[in-house]
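One structure is given below, encoded as structure tokens.
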Amino acid sequence: MVLNYIWIGFFLAALLVALIKTIGGDMEVFSAIVNSTFDMAEVSFEIAIGLTGILCLWLGIMKIGENGGAVQLLSKLVGPFFRQLFPDVPKDHPAHGSILMNFSANMLGLDNAATPMGLKAMAELQELNPKKDTASDAQIMFLVLNTSGLTLIPITVMNYRNQFGADNPADVFIPILLSTFFATLVGLIVVSLYQKKVKLLNKIVMAYLGGFVALIAGAIYYFTNLAPEDLEKQSSLISNVILYGIICLFIIMAMFKRVNVYESFIEGAKEGFNIAIKIIPYLVAILVSIGVFRASGAMDYLVGGMGWFFSLFLSNTEFVAGLPTAFMKPLSGSGARGMMLESFHHYGVDSFVGRLTSTLQGATDTTFYILAVYFGSVSIRKTRYAIKAGLLADLAGIIAGIVFAYLFFGSAVNSLSDKEVVNHFAAAWETQAPDMAYTLLDDDVFVYDQSFDTLCTDNKGLVELLKTDLLENGAIQQSWAREMKETKEKYILLKMERKNKGRSYRFRVKNGKIRSVECLTTFN
């Protein structure tokens, strides 16, 4: 019922915003909304098709593990703990092993492996569900713990930060780990309040949670003592070694039990294809509704309203620039990723906002997508309180992400973005203000032309060039206009012109200082 209201709300909110924008003179908004319905329907189908191969692979591997006894072995290892969280699931049921595999893949940041394992677990829980169209307590607990997005090694976020030239791509590792832990803890508490049979304050649960906290503390200690480049390499290596080790373990155990490994794989892979077909309608429904909400501009109004609201009683509202990522994450993983990358582009990957959006991207998971895929795979239409609990876990992750971002990266608040550094430098250039220019230059800044001939190799030399304007061969005039953009190579392009003449320069900025300037060809 809640999902029904949310789905309707997306469409009606988009309609209201579109009408307001049309009255204001925006004649393209309805076209954008309609186009988004077609685009998102196509994207939904492409996601399902993309999942087909992955589902076939991992459900085939899971079938090997099931027939070989590996899944049952895992079930026994976590049985006492899971019997407290999932009291309706019988002892040594295969669902315990599938749930553990799913959680493990999520913690290692292996999304492609986690989804098939999660769908396998959901199907096994559905076998125990007396009301096939209504989510059971066990299914809700499993889904909410999934949406909290507990991550031990955020490989994907670190890779994106590395691509954008972050000084330390892994500096968000601990904030993400702590944020997801709080999101998971809140999700667990909320569901246990709904499900009176789940008792968290008993020695079994506390023992397992204590061991898990010790594991997290050990991971933090180990990874924080590594060099930044080693952290990224080792986290990726450890994740993939564990994953491939599990595959080989399943195969070896099946061989010892004289199981036909190939036939077991094919049997499981067939299930993957059937699940991929089942989830298409659910994906189309949820992604199209999110698409129209976003295309109408309703998301922009929401973020703007939040910024105004927080400015009423908070002096520091720097975090508001990261809220689009936070709001988008429960709705769309790709949308949130796009918001994060846009913040890298606009503010800089090492700015406070860039680090905040990185933390928020890893702090929670795509609640509505997970709900559509997981419940859709077993044809559940009545979700009960799953959305409420999942969104509360998301909210906890978002709040924790903001708090930890300020705690770890607060010194970066109010610092200049790369573009602002170049903008201030251009102002100093125009106004012949060497003192201001000095503050923006690295001591060892070097300047070269397009032939890679070095013009100077320190900040004093560059300031002298500015004084005489050797780079432009003309007098400095404050009337020059500036147009800048950031390229994928993390350079800032600056165009300075006078009438129909001008020259462009490419700046490399790091840690708020200009590190190099390249004089490019003259353009008209």
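In the working numbering, the protein residues as written are 9 to 532.
Cβ atoms here follow ideal geometry from the backbone N, Cα and C, with glycine treated the same way.
- Task: Write down the C-beta distance between proline 95 and valine 206 rounded to the nearest angstrom, noting that I regard them as a contact closer than 8 Å.
- Result: 7 Å
- Item | Cβ neighbour criterion (16 or more within 10 Å) applied to glutamate 50 | exposed
- Going straight from the alpha carbon of threonine 142 to that of valine 381, what length do you get? Between threonine 142 and valine 381, the C-alpha separation is close to 15 Å.
- Item | Coil, strand or helix - tyrosine 414 by DSSP | helix
- Task: Report yes if the CB atom of leucine 151 is closer than 8 Å to the CB atom of alanine 401, and no otherwise.
- Result: no
- Message: By the DSSP assignment, the beta strand (DSSP E) with phenylalanine 454 in it spans what residues?
- Response: Where phenylalanine 454 is concerned, the enclosing beta strand (DSSP E) stretches over 449 to 457.
- Task: Note down the Cα distance separating proline 124 from isoleucine 287, rounded to an integer number of angstroms.
- Result: 12 Å
- Item | C-alpha gap between arginine 490 and isoleucine 298, whole angstroms | Only weak support is given to the placement of arginine 490: the predicted model assigns it a pLDDT of 48, under 50, and the value that follows is read from those uncertain coordinates. Spanning the two alpha carbons is a distance of roughly 37 Å.
- Query: Where does phenylalanine 18 fall in DSSP's three states?
  - Reply: helix
- Query: Exposed or buried, tryptophan 437, counting other C-beta atoms within 10 Å across all chains shown (16 or more means buried)?
  - Reply: buried
- Message: For threonine 45, report the span of its beta strand (DSSP E) as first-last.
- Response: Taken as a continuous stretch (DSSP letters only), threonine 45 belongs to no beta strand (DSSP E), being part of the alpha helix (DSSP H) at 37 to 76.
- Message: Taking only three categories from DSSP, how would you classify threonine 391?
- Response: In this structure, threonine 391 counts as coil in the three-state DSSP scheme.
- Message: On the criterion of 16 or more Cβ atoms from any shown chain inside 10 Å, does alanine 225 qualify as buried, or is it exposed?
- Response: exposed
- Can you give, in chain order, each stretch of the alpha helix (DSSP H) that sits fully within the stretch 100 to 161 and has at least 4 residues? For the stretch 100 to 161, whole alpha helix (DSSP H) runs of length 4 or above, ordered along the chain, are 102 to 115, 119 to 135 and 145 to 155.
- Keeping to the same chain, check which residues put their C-beta closer than 8 Å to that of glycine 195; ignore five residues upstream and five downstream. Val152, Leu153, Thr155, Ser156, Ala397, Gly398, Leu400, Ala401 and Ala404
- DSSP puts valine 525 in a beta bridge; with which residues? Val455 and Phe515
- Task: Take glycine 305 as the anchor and find which of Gly218, Ile55, Leu23 and Ser359 has the nearest alpha-carbon.
- Result: Leu23
- Query: Under a three-way DSSP split, which group does threonine 375 fall into?
  - Reply: helix
- Query: Does the Cβ-Cβ distance between valine 361 and alanine 408 come in under 8 Å?
  - Reply: no
- Query: According to the Cβ coordinates, are threonine 189 and leucine 158 closer than 8 Å?
  - Reply: According to the sequence shown, residue 189 is phenylalanine rather than threonine. It is a contact, given that the beta carbons lie within the stated cut-off.
- Applying the criterion that 16 or more other CB atoms from any shown protein chain within 10 Å of the CB defines a buried residue, is phenylalanine 335 buried or exposed? buried
- Decide if methionine 4 is buried, meaning its Cβ has at least 16 other Cβ atoms within 10 Å, or exposed. The requested residue 4 is not part of the displayed model; the chain covers only 9 to 532.
- Query: Based on the DSSP secondary-structure assignment, which residues constitute the bridge partners of cysteine 543?
  - Reply: Within the shown structure, residues of the chain are numbered from 9 to 532, placing residue 543 beyond reach of any answer.
- Query: Between the stretch 101 to 108 and the stretch 310 to 324, are three or more C-beta pairs nearer than 8 Å?
  - Reply: Pairwise C-beta distances place the stretch 101 to 108 out of contact with the stretch 310 to 324, as fewer than three of them are shorter than 8 Å.
- Taking the alpha carbon of isoleucine 14 as the point to measure from, which residue in Tyr414, Val300, Phe412 and Ile522 has its own alpha carbon closest? Val300
- Would you check if the distance between the CB atom of proline 338 and the CB atom of threonine 391 is smaller than 8 Å? Not closer than 8 Å, so no.
- Query: Excluding sequence positions up to five away, which residues of its chain have a Cβ less than 6 Å from the Cβ of serine 52?
  - Reply: Setting aside the 5 residues that flank it on each side, serine 52 is surrounded in the same chain by Leu291, Val292 and Leu295, each with a C-beta closer than 6 Å to its C-beta; the list follows chain order.
- Message: What does the Cβ neighbour count give for alanine 215, buried or exposed, with the cut at 16 atoms within 10 Å?
- Response: exposed
- Task: Assign glycine 17 to buried or exposed, taking buried as 16 or more other Cβ atoms, counted over all protein chains shown, within 10 Å of its Cβ.
- Result: Result: exposed.
- Which whole-angstrom value is the C-beta distance of isoleucine 184 and glycine 370, which I expect to be below 8 Å? 4 Å
- Task: Determine the burial state of serine 187: buried for a count of at least 16 other Cβ atoms within 10 Å of its Cβ, exposed for fewer.
- Result: buried
- Query: Which residue's Cα is closest to the Cα of isoleucine 274: Met261, Asn43, Phe46 and Lys71?
  - Reply: Lys71
- Task: In angstroms with no decimal places, state the Cα-to-Cα distance between lysine 278 and leucine 133.
- Result: Spanning the two alpha carbons is a distance of roughly 19 Å.
- Message: Tell me the residue span of the alpha helix (DSSP H) that contains valine 267.
- Response: Valine 267 -> no alpha helix (DSSP H), and no H or E assigned at all.
- Query: Residues in its own chain within less than 8 Å of serine 387 by CB, not counting five upstream and five downstream?
  - Reply: Lys140, Asp141 and Lys286
- Item | Three-state secondary structure assigned by DSSP to serine 359 | coil
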